[in-house]
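> Taking numbering that gives the first Met the number 0, I'd label the letters of the sequence shown as residues 0 to 215.
Glycine included, every Cβ here is placed at the ideal spot set by N, Cα and C.
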Amino acid sequence: MMKPKHGAIRKNLAIVMLAVAVLLGAGTASYAVTIDFRDNAWSAAEAELDGQFTLGDVTLTAMPQGARLWHDTTDGIGVIYNYENDEIEQNERLLVTFSSQVLLDYVFISDFFYECRSGACYNEIGEYSLNGSDWTGFIAPNSNLPSPATNGEMTLNIGGVLTNSLWLRAPGIIGTQDHEYALQKIAYSSVPEPSTLLLLGGALIGLGFVRRKFKG
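1. Can you name, in chain order, every residue of its own chain whose Cβ lies under 6 Å from the Cβ of S188, other than the five neighbours on each side?
2. I'd like the span of the beta strand (DSSP E) that includes E152, first residue to last.
3. Quick one: grab the DSSP three-state call for E45.
4. On the DSSP letters alone, give me the boundaries of the beta strand (DSSP E) that T60 sits inside.
5. Looking only at its own chain, which residues have a Cβ that is under 6 Å from the Cβ of A25, when we skip the five neighbours before and after it?
6. Could you name the residues of the same chain whose beta carbon sits closer than 6 Å to that of Y113, not counting the 5 residues immediately before and after it, in chain order?
7. So E179 and D110 are in contact, right, with Cβ under 8 Å, and what is the actual spacing, rounded?
8. In three-state DSSP terms, what is N141?
9. Give the DSSP bridge partners of N130, in chain order.
10. How about G50 and A61: do their beta carbons lie closer than 8 Å?
11. For the stretch 48-128, list the beta strand (DSSP E) runs that are entirely contained and at least 3 residues long, ordered along the chain.
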């Protein structure tokens, strides 16, 4: 039985390697997404009386029942309930869900300060939860002093966690302190579709087969 010619094998190997490169490129960098909730496209969220709004692959839900979404072109998204009509506070919750699982990289929040009132200073605090798991706390840095030069912005480094939902909350009034904030942006990477992964797997198997033929 004749063995394949080396020239043909090299050609097939090059084709398979090119296919792998294309699939890897299609399944990674091209799916990076940043959503800025300050964009006017999200202002329609305020008109939804049931407290839920979907745009593209992202759905925002205001809780508890009866709460509504709030939008601002400086701060982003908050919740309207029985309190001040803007940010997330007290028993309010903001739920962000994705149409499919994503790798969540960063959450950007605003109006999150190191406050000083009547001679007493404190760092605002908040919490987030992924997929309904335990809450993770975060705290405003001392550099976030309220002034015209800052909007109380802070970046939460989530680290590329696979998730389909993000919950946000803040305690609101604690004695003379007021802890609240708004959701400004999120950055994530989409997970490749199963069909893409199957194609990639097939290409890798083909690559291994051609290599074995070449060595034989």
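The relevant details are as follows:
1. The residues are Y30, A31 and L102.
2. Looking at the DSSP string, E152 is not in any beta strand (DSSP E), and its letter there is neither H nor E.
3. Assignment of E45 by DSSP, reduced to helix, strand and coil, places it in the helix class.
4. V57 to M62
5. Per-residue confidence for A25 stands at a pLDDT of 48, beneath the threshold of 50, marking its modelled position as unreliable; the derived number appears in the next sentence. Excluding positions up to five away in sequence, the list is empty.
6. N122, A139, N141, N143 and L144
7. 7 Å
8. coil
9. Paired residue(s): none; N130 is not in a bridge.
10. Less than 8 Å separates the beta-carbon of G50 from that of A61.
11. 51-54, 57-62, 67-71, 75-79, 92-109, 113-116 and 119-122
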